[in-house]
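Here is the structure we will look at, set down as structure tokens.
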Amino acid sequence: MFDLTGKIAVVSGGAKGIGRGIVTALKKGGATIVIADIDEKTGSATAAELGTDFMALDVTSQSQCRAVISKVREKYGRLDILCSNTGIFPQCTIKSMTEQDWDTMQKVNVKGMFFLVQAALGVMEEQKYGRIVITSSITGPVTGFPGWSHYGASKAAQLGFMRSAALEYARLGITINAVQPGNILTEGLKAQGETYLDQMRATIPTHTLGEPEDIGYAAAFLASDEAKYITGQTIIIDGGQILPESPEALL
Ligand code: NAP
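In structure tokens form, the structure reads like this:
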């Protein structure tokens, strides 16, 4: 593991799922972590279990994003790592999609990420140091799935934002990268139902779904001092899911 001792990290959506996997990996590296999540009950329980701090946060509120980052700076003196991981993925076909469905998706996944990253960059710019890791997806930037056009658009938008942000902050000691998970067994993924999970297992070369920590270790690497020369890039963690040309390619 990379040594993250002394680093102060915020993980949004860290109460459960991939966020919890990221918290676990950063903790193994020795970081001090604040879980920021809308689910206060699970977030507090996770924080108590993993030995981290918890702050309630709805990323769709710019004032809450700014307040959480300010509180972190007040309490810990700095902010080294932001893992902007919050995301929602309710399925909806284009035919039945309302303006509200579209807007809610973009509000949480894109605007919420922007609010939190912008707030963190304010602190990181003063420090001339920072590591930002955004949780995108393979869905959108690389692949598609019926019912997730609005989600895919939001996950591709995150990468577009990341690349320009990386350029704006490259000379300030701040890197901005992303992880692109495949199908990771989380509460959110379980909600898609057993049929979906079975379909996915069948199309992944390993024939297994990923574990939240699989994403956590990639995020911990991008959050480390050693990753200082990597910015505006992504790591795909998907058990090889995007590789097969056809089902026949799967052994
Ligand atoms: P999850 O199990 O649903 O966990 C997400 C956490 O974020 C939950 O605690 C959720 O609280 C919280 N949250 C939701 N809306 C929020 C808001 N407005 N402000 C703050 N926190 C909020 O999701 P996951 O599967 O771990 O996914 C995490 C990230 O990975 C997302 O960005 C997702 O798009 C991405 N991803 C997931 C997969 C996968 O296979 N699981 C694949 C590719 C990418 P509530 O439960 O109360 O809503």
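Be aware that the sequence shown starts at 29, since it is given in the working numbering, and climbs by one per residue.
Backbone N, C-alpha and C fix where the C-beta goes; we use that ideal spot for every residue, glycine too.
Which partner residues does residue 83 have in the DSSP bridge list? 64
Near residue 175, what residues of its chain come up, given a Cβ to Cβ distance below 8 angstroms and the 5 sequence neighbours on each side ignored? 119, 120, 121
Would you call the segment 208-218 and the segment 39-54 in contact, with 3 or more CB pairs under 8 angstroms? yes
Coil, strand or helix - residue 111 by DSSP: strand
Over what stretch of residues does the beta strand (DSSP E) that includes residue 51 continue unbroken? Run containing residue 51: none in the beta strand (DSSP E); it sits in the alpha helix (DSSP H), 45-56.
Report the rounded CA-to-CA distance for residue 135 versus residue 141, giving the unit in angstroms. 9 angstroms
Taking residue 203 as the reference, which of 173, 39, 252 has the closest Cα? 252
Which of helix, strand or coil does DSSP assign to residue 126? coil
Shorter than 6 angstroms, the distance from the beta carbon of residue 108 to the closest heavy atom of the ligand NAP, or not? no
Neighbourhood of residue 200 by C-beta, 7 angstroms cutoff - its chain only, sequence neighbours within 5 removed: 153, 156
The ligand NAP and residue 205: does the residue's C-beta get closer than 6 angstroms to at least one heavy atom of that ligand? no
In chain order, what are the residue ranges of uninterrupted beta strand (DSSP E) at least 3 long that sit wholly in the segment 152-223? 158-163, 202-209
Segment contact, 8 angstroms Cβ cut-off, at least three pairs: the segment 124-138 with the segment 222-232: no
According to the neighbour-count rule (16 or more other Cβ atoms, all chains shown, within 10 Å of its Cβ), is residue 244 buried or exposed? buried
Does the beta-carbon of residue 43, which I'm using as the reference point, lie nearer than 6 angstroms to any heavy atom of the ligand NAP? yes
Can you tell me which residues form a DSSP beta bridge with residue 232? Paired residue(s): none; residue 232 is not in a bridge.
Should residue 115 be counted as a contact of the ligand NAP given a C-beta to heavy atom distance under 6 angstroms? yes
Considering only the beta carbon of each residue, do residue 38 and residue 100 sit closer than 7 angstroms? yes
Should residue 112 be labelled buried (16 or more other beta-carbon atoms within 10 Å of its own) or exposed? buried
How long is the line joining the alpha carbons of residue 80 and residue 276, rounded to whole angstroms? 46 angstroms
Count the other CB atoms within 10 Å of the CB of residue 68; is the residue buried (16 or more) or exposed (fewer)? exposed
Same chain, Cβ closer than 8 angstroms to residue 238, neighbours up to 5 away in sequence not counted: 209, 210, 211, 212, 213, 265, 266, 267
Would you list the one or two residues that DSSP bridges to residue 262? 206
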